[in-house]
Amino acid sequence: MSDSDSDLTTAPSSPRFITRSPFDDGGAGADVILRSSDGIDFHVHRLVLSLASSVFKDMFAFPQPDSDPVIPTVQVSESARILDLVLRFWYPGAEPTVVQTLDDLRETLEALIMKYDVKFVVPSAKKKLREHLADDPVAVFSIACRLQWKDVALEAAKESLKLPLRAFESERPRQLQYMTAETYHTLLQYHSECAKVAASATAALQWANCQDIPGVNCTNWADPIACPRTGHWTFAHNTMAPLTAWFSAYLDGATGVLSRSPAARLDSVDLLSLPLTKLGSCSSCRVDGFLELMNFLEILRAKIDGDINSIELKLDI
Ligand SMILES: [Zn+2]
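Encoded structure:
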């Protein structure tokens, strides 16, 4: 067995990258080679690279003499795996490769946009990044900030409102290392300001019409034993009334959840179990109460979303 064979069989975790069409050495008409940091050659076309990238256009500004039989080689800093992702993101005739991880997507987009200035891929690159909004909004926020995409950064910041970001309960987001402390502080400040407006929507109900309050149609209104009441609440137009204890339990729970995760689900099992364990004891509320609660949650969601939309993400990018 030769040394090179031995290398192939003893390092299964890092097999040598093999270029595929159209970047292998069979690439028809290729007139330049991009050599990756790990020494893999990609056969490409200067004209194609120049049309896509101002950086390559400047690099190839001095034409190679036609008489020179040697194809020039350009050393690049990307590994073969990332260079392949970078080229297959847009290169004509190249089958695209699925970018598996956010780390790979970040490296790919940084090379494409920040380093090689391939502007025309921005719409499709934003689309790719948005695919990760639900799974990892903090990482998407971090990458969007690096690429100075304020629209995607705001979408990611809004998505992060579903998480208890300031509770520090989960592991430190890996992509934090690619974000400045100032940028992360901006995200946390936005999260905190949104939490304040979201929690205030359930802590006080002056914004809500009395007829939309769950339990308002209870026929046991005058019987606090059949349907326990709590406090005196003020609603829109200075209407005042006590709340049913079961709806008050929901509001207390929701205020706690929203102060941690301002865009949390309002109909989570945990939250709904708070009123449902009490609601059944009233013969009237057990008939209509749940439906009234569901209708109120739609109004509450719209109120919270509207208030959150009024909060500015003070991002300096
Ligand atoms: Zn009742």
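The opening position of the sequence shown corresponds to residue 1 in full-length UniProt numbering, with each subsequent residue numbered one higher. No residue lacks a Cβ here, since even glycine has one placed at the ideal position from N, Cα and C.
Residue i and residue j closer than 9 Å at C-beta
i    : j    : result
L258 : T234 : no
L293 : Y250 : yes
S36  : L83  : yes
A157 : R106 : no
D307 : V197 : yes
A264 : K162 : yes
L300 : A208 : yes
T244 : R229 : yes
R286 : A167 : no
P262 : A181 : no
F89  : T101 : no
Member of the options whose CA lies at the smallest distance from the CA of residue i
i    : options                   : result
E131 : E155, D305, A28 and L266  : E155
L112 : E95, V152, L49 and V98    : L49
N295 : F17, I308, R46 and I213   : I213
P72  : V32, V287, L109 and P92   : V32
A199 : P22, F120, R20 and I304   : I304
Y91  : V121, V99 and D104        : V121
H45  : G39, D38 and M59          : M59
D103 : W246, L129, P96 and V269  : L129
S281 : V118, W246 and R88        : W246
C227 : E193, P275, L188 and V269 : P275
Spatial neighbours of residue i in its chain, beta-carbon cut-off 6 Å, leaving aside the 5 residues before and after
i    : result
E159 : L133 and P137
S284 : C218, T219 and N220
D25  : H43
F56  : L49 and S50
L165 : H191
Residue i burial status per 10 Å Cβ neighbour count (16 or more: buried)
i    : result
M114 : exposed
K278 : buried
E78  : buried
I317 : exposed
S310 : exposed
W149 : buried
Span separating the alpha-carbon of residue i from that of residue j
i    : j    : result
V152 : V76  : 29 Å
A203 : S273 : 19 Å
L51  : P123 : 17 Å
L34  : D41  : 6 Å
L297 : L313 : 26 Å
P224 : C210 : 19 Å
H191 : I143 : 18 Å
T186 : F17  : 40 Å
F62  : R81  : 29 Å
Y184 : Q175 : 11 Å
A30  : P15  : 26 Å
D267 : V86  : 42 Å
8 Å CB neighbourhood of residue i in its chain, flanking five on each side removed
i    : result
R146 : R106, E110, M114, Y178 and M179
Nonlocal neighbours in the same chain, by C-beta distance under 7 Å from residue i, ignoring five residues either side
i  : result
S2 : Its pLDDT being 42, under 50, S2 is placed unreliably by the model, and nothing is read from it.
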